[in-house]
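One structure is given here, and the rest of the page talks about it.
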Amino acid sequence: MTAGEDGFDRRLEPFRTELLAYCYRMLGSAHDAEDLVQDTYLRAWRARERYDDTRSSLRTWLYRIATNVCLTALEARGRRPLPSGLVAASDPLGPLVLGETPWLQPLPDPMPAAGDPAGAAIDRSSLRLAFAAALQHLSARQRGALVLRDVLGFSASEAAEILGTTAVSVNSSLQRARARLKEAGVGQERLSEPTAAEQRAWVERYMKAFEQADVEGLKRLLTEDVLMEMPPMLNWFTGRGNYGLFMEWVFAAAGTDWRLRAVTANGGQPGFAAYQRVGDGYRLHTLQVFTVTDEGISRNSVFQDPEVFAAFGLPDGLDDIS
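Numbering (this note's numbering), first residue to last: 1032 to 1353.
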């Protein structure tokens, strides 16, 4: 590699984290996002001699490559919803039904640390699971227009260059995307959240109640309209009472001896990996990601997917620690 090539690589590297966030929003899969960022960098390096900084910034040029990669990938992949965006609510005590749909996946943290310049280009609220799920209601180009314009702040002309279209087309796609999200109950404004420390404190209290199999204690931490879903199962339901019924069933069926490991996902959402007692140790059972409001926990998205477990670097089991 020549000195010039090495210098080009160094110029590309600061954009990696924000491109990962972009590809995740477009695809809804942490695994796919990693692969597509690698593909983007490979294509950029191969095309380095054709880059003209008088025509566009390096960031815009990289986003055009990443967008082409994402749009090509989306041609072969369906959308990745969560169960609550696909089927009607179910009985919390009804049989679990396995779905065959590729589901939205959580994105592992850590995101950039405070003071990291890469973090300035990342709107963490736009990585939240609820927003990522709402994006799945949009066509690929509507998704691209919305993220480029409303999340990343590109101008209409810059977004048109990235998408390989016109500013008029971008604005049309953006209007349709905004209308579709409004129909889905997602406003353009970001909902206010408690601080990260306050959110973690809510979930730490939940973890303590969970380890004690204290269903009433869990219920006291929930909002009245709390939603639980658990891909790859189609089942989902709302309401504090339904949540309590389901957790009583969980502890009756899977036991009351658990070990929990805290995680964060999607730009700071608190969660944990739950390990169920099996024999002399504990086996990884689920990864749970929470949405927390000032009134309490409003959503628990429970994942049971080996690909998700691997993305978070979770061990398959824990030794018995007395």
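Glycine included, every Cβ here is placed at the ideal spot set by N, Cα and C. Quick caveat, the model's predicted, so the values are computed rather than measured.
Distance, residue j Cα to residue i Cα
i, j, result
"residue 1179", "residue 1335", "31 Å"
"residue 1291", "residue 1302", "10 Å"
"residue 1043", "residue 1072", "8 Å"
"residue 1194", "residue 1275", "47 Å"
"residue 1350", "residue 1238", "19 Å"
"residue 1094", "residue 1189", "10 Å"
"residue 1294", "residue 1065", "19 Å"
"residue 1307", "residue 1210", "43 Å"
"residue 1255", "residue 1203", "38 Å"
"residue 1224", "residue 1234", "14 Å"
"residue 1228", "residue 1300", "11 Å"
"residue 1277", "residue 1171", "36 Å"
"residue 1048", "residue 1140", "11 Å"
"residue 1185", "residue 1192", "10 Å"
Per DSSP, cross-strand counterpart(s) of residue i
i, result
"residue 1297", "According to DSSP, residue 1297 bridges with nothing at all."
"residue 1111", "According to DSSP, residue 1111 bridges with nothing at all."
"residue 1332", "1260, 1320"
"residue 1350", "1312"
"residue 1120", "Answer is none; residue 1120 lacks a bridge partner."
"residue 1304", "1292, 1318"
"residue 1076", "Bridge partners of residue 1076: none, in fact."
"residue 1129", "1264"
"residue 1269", "1258"
"residue 1327", "1324"
"residue 1026", "What the structure shows of the chain is the stretch from 1032 to 1353, and residue 1026 is not part of that stretch, so it cannot be assessed."
Close beta carbons around residue i, own chain, < 7 Å, minus the five adjacent residues each side
i, result
"residue 1113", "1134, 1135, 1164, 1260, 1262, 1332"
"residue 1060", "1111, 1136"
"residue 1101", "1054, 1057, 1058, 1067"
"residue 1253", "1271, 1274, 1327, 1328"
"residue 1339", "1136, 1137, 1318"
"residue 1070", "1100"
Expected contact under 8 Å - CB spacing of residue i and residue j to nearest Å
i, j, result
"residue 1267", "residue 1120", "6 Å"
"residue 1347", "residue 1318", "That pair is no contact at about 13 Å."
"residue 1158", "residue 1298", "4 Å"
"residue 1096", "residue 1074", "5 Å"
Exposure label - residue i; buried when at least 16 CB within 10 Å
i, result
"residue 1212", "buried"
"residue 1167", "buried"
"residue 1173", "buried"
"residue 1175", "buried"
"residue 1360", "Any answer about residue 1360 is impossible in this case: the structure gives the chain only from 1032 up to 1353."
"residue 1154", "buried"
"residue 1199", "exposed"
"residue 1124", "exposed"
"residue 1289", "buried"
"residue 1251", "exposed"
Own chain residues within Cβ distance below 6 Å of residue i, not counting five before or after
i, result
"residue 1240", "1248, 1249"
"residue 1357", "No answer is possible for residue 1357: the residues shown for the chain start at 1032 and end at 1353."
Beta-carbon proximity list for residue i, same chain, < 8 Å, skipping 5 on both sides
i, result
"residue 1109", "1132, 1133"
"residue 1282", "1244, 1246"
"residue 1085", "none"
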